[in-house]
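S.K.: I have a structure I would like to understand better, so I am pasting it below and will then ask my questions one at a time.
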Amino acid sequence: MTNLIADAEQELKTKREALNLRWYPRYHLAARAGWMNDPNGLVWFDGWYHAFYQHHPYSPEWGPMHWGHARSQDLVHWEHLPVAIAPEGPEDKDGCFSGSAVVDGDTLVLIYTGHKFHGDTDNEDNLYQVQCMATSRDGIHFERQGIVVDTPPGIHHFRDPKVWREGANWYMVVGARTGNTGQVRLYCSADLRQWVYGGILDEAETGMGFMWECPDFFNLGDKRVLMFSPQGMTAHRFKNRNLFQSGYLVGDWQPCQPFIRSGEFVEMDHGHDFYAPQSFLTPDGRRIVIGWLDMWESPLPEQQDGWAGMLSLPRELSLGVDNRLQMRPAKEVESLRQAWFPWPVSSLNNQQINVVENAVAMEVVLNWKSADSNAEQYGLSLGDGLRVYIDAQMQRLVLERHYPHHGLCGTRSVPVTLDRDLHLRLFIDSSSIEVFVNDGEACLSSRIYPDTERRELGLFAWSGYASLSDGGAWQLK
Ligand code: FRU
Numbered sequence: 001m002t003n004l005i006a007d008a009e010q011e012l013k014t015k016r017e018a019l020n021l022r023w024y025p026r027y028h029l030a031a032r033a034g035w036m037n038d039p040n041g042l043v044w045f046d047g048w049y050h051a052f053y054q055h056h057p058y059s060p061e062w063g064p065m066h067w068g069h070a071r072s073q074d075l076v077h078w079e080h081l082p083v084a085i086a087p088e089g090p091e092d093k094d095g096c097f098s099g100s101a102v103v104d105g106d107t108l109v110l111i112y113t114g115h116k117f118h119g120d121t122d123n124e125d126n127l128y129q130v131q132c133m134a135t136s137r138d139g140i141h142f143e144r145q146g147i148v149v150d151t152p153p154g155i156h157h158f159r160d161p162k163v164w165r166e167g168a169n170w171y172m173v174v175g176a177r178t179g180n181t182g183q184v185r186l187y188c189s190a191d192l193r194q195w196v197y198g199g200i201l202d203e204a205e206t207g208m209g210f211m212w213e214c215p216d217f218f219n220l221g222d223k224r225v226l227m228f229s230p231q232g233m234t235a236h237r238f239k240n241r242n243l244f245q246s247g248y249l250v251g252d253w254q255p256c257q258p259f260i261r262s263g264e265f266v267e268m269d270h271g272h273d274f275y276a277p278q279s280f281l282t283p284d285g286r287r288i289v290i291g292w293l294d295m296w297e298s299p300l301p302e303q304q305d306g307w308a309g310m311l312s313l314p315r316e317l318s319l320g321v322d323n324r325l326q327m328r329p330a331k332e333v334e335s336l337r338q339a340w341f342p343w344p345v346s347s348l349n350n351q352q353i354n355v356v357e358n359a360v361a362m363e364v365v366l367n368w369k370s371a372d373s374n375a376e377q378y379g380l381s382l383g384d385g386l387r388v389y390i391d392a393q394m395q396r397l398v399l400e401r402h403y404p405h406h407g408l409c410g411t412r413s414v415p416v417t418l419d420r421d422l423h424l425r426l427f428i429d430s431s432s433i434e435v436f437v438n439d440g441e442a443c444l445s446s447r448i449y450p451d452t453e454r455r456e457l458g459l460f461a462w463s464g465y466a467s468l469s470d471g472g473a474w475q476l477k
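Written as structure tokens, this is what we have:
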């Protein structure tokens, strides 16, 4: 273990003991203590799923990035491992930024961005981002291999390599910024060490952002998906409400051919908090995605408790008939279920009833018979700060959080069709909610901060009645 990693481990041990766990996730991955952002290096290696993540062990604020590390057999029960890499080489002295992992024979290979300033760190002209490599045989201890792709001339923002194998070659996409245009650059290699630049895979047109972070590029169905996190898209009505977006373009691609888009940029998740998603393949061929369940510059009240940031549930991706990405909780998530409590409610008439006294870790299922309902608003509430409801006049499913003392108030919503049943799966954890609509049609994820004494779940229907054909919850382990 290097000195910097040993220091980080010591620090995490001490800090962990002092955490206030009131909002610490019960079944999502978060750092042991300190700060977490993007998921990195998601991979299956030697019988384990590995999740790395952007991590600052020394405080619950963003700082010189390390790679935190955890592993799991089932994507839901995670075991923490020692910090994998720390910013200790000349190539990454100011941070080990986001990246990915691949398996090359018996070696686990991390490819990540070395973030460094040559001189004054307040001047972006001094910023250099290079793609670096670290390798491991045991999946726990890593050896640094230095730079594999240097900064292209004239570019400063050049980060978040995603590597994969296709045919006989390795490929890498990297997010970049030229002037005020976000782009994704493509590289190709036979051995993971020598990389040849393959041109700009895609770039922003007007309004599509000044920087494209965290690109990912994979086959899904008979299409190719370019998933990325653009910075600088402007909000318009219900779209692009968060500071930065994460979403995708669908198209077609073959090695050595251009990427031909067949649609517009679409956001992946419509809640307040979902960013920098990364995908990986399971051994049985499912494409799973995990995102950071937060948003840059949004208040993170758990910082006062000694930690910050968490990851989303693993979600299986598929492509709908309309070429839209669908996300469903990975089937492993069902292994968290304990007893099922059906709620003896089939209709509500201008009223609210409580169904659970203290909801901390729960999966809720609701099947609203929308065509047989005439209430103006009907849905679920958690304490006095969260409501997830159908607004029949707007024809939208709304997630509303109201935590004025934390500076977190406002709504996110998606359109819904009310002449058929509306099926919702809602995952509640200590400080998060993820809503899956109609088996993958849409998804809304947000951080929530209920008081410990106000975690009761209610069902309500106002100005009319609402019918429910199925409603209940699993307590999750
Ligand atoms: C995305 C991001 C990446 C970068 C990392 C730094 O959230 O800004 O582009 O590598 O976070 O922590």
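For the sequence shown, the UniProt record's numbering gives the first residue as 1, with consecutive numbering after it. From the three backbone atoms N, C-alpha and C, an ideal C-beta is built for every residue, glycine too. These numbers were taken from a predicted model, which means no experiment stands behind them.
#1: Counting only the same chain and skipping the five closest in sequence on each side, list residues whose C-beta sits under 8 Å from that of Ile288.
#2: Using a strict less-than 7 Å threshold between each residue's beta carbon and the heavy atoms of the ligand FRU, what residues do you get?
#3: Which whole-angstrom value describes the C-beta separation of Val130 and Thr151, a residue pair presumed to lie in contact below a C-beta threshold of 8 Å?
#4: For Arg241, collect the residues of the same chain with a Cβ closer than 7 Å to its Cβ; drop the 5 residues on either side in sequence, then sort them by chain order.
#5: Does the Cβ of Ala246 have 16 or more other Cβ atoms within 10 Å, making it buried, or fewer, making it exposed?
#6: Could you check where the alpha helix (DSSP H) with Glu9 kicks off and where it finishes?
#7: Determine the direct distance from the alpha carbon of His270 to that of Lys369, and round the result to whole angstroms.
#8: Roughly how many whole angstroms lie between the Cα atoms of Leu186 and Tyr197?
#9: What does the Cβ neighbour count give for Thr14, buried or exposed, with the cut at 16 atoms within 10 Å?
#10: When you compare each of Phe265, Leu399 and Arg16 to Cys409 by their alpha carbons, which one comes out closest?
#11: Let's test the definition: count the other Cβ atoms within 10 Å of the Cβ of Gln326 and tell me whether it reaches 16, buried, or not, exposed.
#12: Going by DSSP in three states, Gly320 sits in which element: helix, strand or coil?
#13: Decide if the stretch 343 to 358 is in contact with the stretch 462 to 473; the criterion is three or more beta carbon pairs, one per stretch, under 8 Å apart.
#14: In terms of alpha-carbon separation, which member of Leu192, Arg420 and Gly232 lies closest to Gly182?
#15: Does DSSP put Val333 in a helix, in a strand, or in coil?
#16: Using a Cβ distance threshold of 8 Å, determine whether the stretch 287 to 307 contacts the stretch 411 to 428, with at least three qualifying pairs required.
#17: Which residues in the same chain have their Cβ closer than 7 Å to the Cβ of Leu444, if we skip the five residues on either side of it in sequence?
#18: On a Cα-Cα basis, can you pick out the residue from Glu9, Gly221, Tyr27 and Gln10 that is closest to Lys477?
#19: If you run the structure through DSSP and keep just helix, strand and coil, what is Pro215?
#20: Output the residue ranges of the beta strand (DSSP E) runs that lie fully inside the stretch 203 to 268 and measure 3 residues or longer, sorted by chain position.
#21: Quick check on Gly146: does DSSP put it in helix, strand or coil?
#22: Select from Gly291, Asn40, Trp462 and Ser262 the residue whose C-alpha is nearest the C-alpha of Arg159.
M.R.: Let me lay it out:
#1: On the sequence shown, position 288 is the one that residue 288 refers to. Contacts found: Leu42, Leu75, Ser279, Phe280, Leu281, Thr282, Pro314, Arg315, Glu316, Leu317 and Ala330.
#2: With 7 Å as the limit between CB and the heavy atoms of the ligand FRU, the residues that fall short of it are Asn37, Asp38, Gln54, Trp62, Met65, Gly95, Phe97, Ser98, Thr113, Arg159, Asp160, Gly175, Glu213, Cys214, Ser229, Tyr275, Ala276, Trp292 and Trp296.
#3: To locate residue 130, count along the sequence shown from 1; it is residue 130. To locate residue 151, count along the sequence shown from 1; it is residue 151. Rounded, the Cβ-Cβ distance is 6 Å, consistent with contact.
#4: To locate residue 241, count along the sequence shown from 1; it is residue 241. Correct list, in chain order: Ala235 and Arg412.
#5: Counted from its first residue, the sequence shown places residue 246 at position 246. According to the sequence as given, residue 246 is Ser; it is not Ala. So Ser246 counts as buried.
#6: Residue 9 sits at position 9 when you count from the first residue of the sequence shown. Here the alpha helix (DSSP H) through Glu9 covers Asn3 to Glu17.
#7: Position 369 of the sequence shown holds residue 369. Position 270 of the sequence shown holds residue 270. C-alpha separation (whole angstroms): 23 Å.
#8: Counting from one through the sequence shown, the residue named residue 186 turns up at place 186. Counting from one through the sequence shown, the residue named residue 197 turns up at place 197. Taking the straight line joining both Cα atoms gives about 6 Å.
#9: Taking the sequence shown and counting its residues from 1, the one referred to as residue 14 is at position 14. Exposed, by the Cβ-count rule.
#10: Position 409 of the sequence shown holds residue 409. When each option's Cα is compared against that of Cys409, the closest is Leu399.
#11: Along the sequence shown, one-based indexing puts residue 326 at 326. Buried is the call here.
#12: Here the question's residue 320 lines up with position 320 in the sequence shown. Here Gly320 sits in coil by DSSP.
#13: yes
#14: Residue mapping note: residue 182 aligns to position 182 of the sequence shown, counting from 1. Ranking the options by Cα distance to Gly182, first place goes to Gly232.
#15: Position 333 of the sequence shown, counted from the first residue, corresponds to residue 333. The answer is helix: DSSP assigns Val333 an H, G or I state.
#16: no
#17: As a first step, residue 444 must be located in the sequence shown, where it is residue number 444. Closer than 7 Å at Cβ, skipping near neighbours: Asp269, His270, Gly271, Leu399, Arg412, Val414 and Val435.
#18: Locating residue 477 in the sequence shown gives position 477, where the first residue counts as 1. Nearest option by C-alpha distance: Tyr27.
#19: By one-based count along the sequence shown, residue 215 stands at place 215. If DSSP states are grouped into helix, strand and coil, Pro215 belongs with the strands.
#20: 211 to 220, 223 to 231 and 247 to 252
#21: Counting from one through the sequence shown, the residue named residue 146 turns up at place 146. Gly146: strand per DSSP, three-state reduction.
#22: Your numbering for residue 159 matches position 159 in the sequence shown. Looking at the Cα atoms, Asn40 is the closest of the given residues.
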